[in-house]
Structure formats: structure tokens, C-alpha cells
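Asks: Quick note on numbering: this note's numbering labels position 65 of the sequence shown as 409, and the sequence is numbered without any gaps.
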Amino acid sequence: MDRDELLLRGDLNYAEVLREEARCGGGSVIEEDGIVVTLAGHPHPLVNSALRMDHRIDAETCVDRIVNFYVPRGQGCTVILRAAVDDSDLGRAAAEAEMREWGELPAMVTEAPLERPATTDDCRLSWVDAAQTAEDFHRVAAEAWQTYDIPPDATDYVFGSGRLLLLPHVQAVVAYTGDSPAAAAFVLMSHEIAGVYWVSTIPAARGRGLAAACTQAVTNRAFELGARAVCLQASPMGRSVYERLGFSTIGSYRLMIAFPQE
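1. Report the residue from SER596, GLY590 and LEU356 whose alpha carbon sits nearest the alpha carbon of PRO457.
2. So what does ALA538 bridge to, in DSSP terms?
3. Whose CA, out of ALA557, PRO547 and ARG552, lies closest to the CA of PHE530?
4. Put ARG409 into one of helix, strand or coil per three-state DSSP.
5. So does the stretch 436-453 actually touch the stretch 395-407, counting three or more Cβ pairs closer than 8 Å?
6. Hey, LEU390 and SER372: beta-carbon distance below 8 Å or not?
7. Rounded to the nearest angstrom, what separates MET581 and ILE379 at their Cα positions?
8. Which residues does DSSP list as the beta-bridge partners of GLY447?
9. Taking ALA403 and ASP355 to be in contact with their CB atoms under 8 Å, please state how far apart those CB atoms are, rounded to whole angstroms.
10. Going straight from the alpha carbon of LEU395 to that of ARG426, what length do you get?
11. Quick check on GLY539: buried or exposed, where buried means 16 or more other Cβ atoms within 10 Å of its Cβ?
See below:
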């Protein structure tokens with residue numbers, strides 16, 4: 345696939361994981377006039393996301409409709425500026441609506457399986473196939489993502505039901521040190537590719553190659569299941585890990601956020 349096709353399929357996969365997080369968390373997905381919004385059972389902006397999937401709607405109208413959807417409901421929100429298209433007008437409109445930029449996430453991809461990285465001898469990987477391993481994944485993510493000021497109860501919304509990780513088009517893995525869950529990651533298959541999401545390591549286990557091992561495992565599982573490429577949106581801590589594994593940067597996403605009004 346060429347770069348443009350990889351970016352488009354990456355955008356579509358990103359939108360799909362947001363839909364599934366909402367559905368499995370007991371939230372809602374609303375799609376109208378090329379705007380996709382997800383409504384969570386938690387007000388944190390990073391679990392309430394909006395994307396413009398059709399550029400025929402102008403940026404000001406798009407942001408106005410997004411803001412007027414979330415604010416009356418007491419929710420924060422994140423407007424995702426896509427990697428496959430020029431969404432700079434949407435970014436300007438969001439800034440004019442007093443949303444602030446939360447960060448820029450490199451859009452990374454590999455079109456080939458990855459070599460397994462070195463890990464400590466006590467690392468054991470287990471695929472999520474039942475409620476217990478799903479809950480272990482949940483525990484890891486809840487602790488790990490506090491690094492980025494995402495509270496555990498927001499993570500509970502995503503993983504608390506256990507449904508997301510057991511979907512047939514999701515493959516999830518947990519890394520254990522001894523009997524303790526320490527790292528995790530999952531891929532979601534769609535649009536002939538897969539996307540890696542929620543790569544997590546608890547603070548006490550960082551620097552031991554566990555996140556890399558989880559990322560490699562789910563990436564290679566996706567290729568085994570027929571994915572033509574595997575993409576991800578890299579966190580600040582994750583980018584160098586993914587580069588060492590063999591992912592390449594082909595674009596970027598920007599996140600514009602608004603917290604709930606007091």
C-alpha cells in the first residue's frame with residue numbers, strides 16, 4: 345500500500361476502535377453528516393472523541409456541532425485531527441472555540457512482522473481469552489495511564505465491562521512478571537489492517553522491554569490473521585520503543601481537548 349492508503353486505513357481503524365470502546369463501555373456512537381462522536385459514561389475528554397470523516401462539512405460548523413453536543417451533557421471532548429487529510433482548518437476552529445492542543449501523536453506503521461525484543465527472564469505473555477486476563481489488562485491500563493493524567497475511573501469506562509478485549513476482531517495480550525500483570529496491548533482488525541492500542545506498562549515495570557514484547561506479539565498476531573499492515577498512534581514514551589521494533593512514522597494526529605465546564 346502507498347502512504348496515502350496506509351494513512352486513510354489508519355484513520356478508519358482509529359475511528360473504529362473509538363466506536364468499539366464506546367459500545368463496549370455502555371456509551372453511544374453518533375454519526376451524522378460526516379461527523380463521528382462517541383459519548384462515554386465518564387466526562388474525561390480522552391474517552392469522548394469526535395472526528396470529521398467528510399470534508400464537505402466546514403470546520404466551524406463541525407466544531408460548533410461537536411461543542412453543542414458535549415457541553416449540555418456535561419462532558420469533556422477531544423477533537424481528533426486526522427493524519428490522512430489536512431485538518432488544519434478544524435484545528436483553528438477548535439482553538440477559536442477555546443479548545444487546547446493536548447498533543448501530537450505520530451502515525452506509525454509496519455508492513456512486515458517484527459522480531460521479538462529482548463525481555464527479562466521472568467516475563468511471560470498470556471493472550472486475553474477470559475474474564476480474568478481481561479481484568480488483568482484493565483488493572484495494568486488503569487495504573488499505567490495515570491502517567492498522562494487519565495484517571496482510573498475513565499479507564500474503567502473502557503475496560504470495566506471486559507467486553508472490548510473479547511471481541512472477535514480484537515487480539516489482546518498481558519505480560520506478567522511472576523504472577524503479577526505488568527504490561528499489556530491489543531490490536532483491533534478492520535479495513536484489511538490492524539491498529540495497536542492501549543500499550544501500557546505499570547511504572548514499577550518500565551524499562552524492561554515489556555511494552556515492546558506486547559506490541560510485537562499483537563502486531564505479529566495481526567499479520568498471522570491476514571492484516572496487510574499494522575498501524576498505531578504513538579505516545580511520547582512509546583515512539584522510540586516502536587521505532588526500535590521497526591515501525592516507521594508516516595504522518596501525525598493532533599488532539600484538541602476541552603474539559604467539562606465547572
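The beta carbon of each residue, even a glycine, is placed where N, CA and C say it ideally should be.
Replies: In short, the structure shows the following:
1. GLY590
2. MET533 and VAL574
3. ALA557
4. helix
5. yes
6. no
7. 30 Å
8. LEU599
9. Incorrect: roughly 17 Å between the Cβ atoms, too far for contact.
10. 8 Å
11. buried
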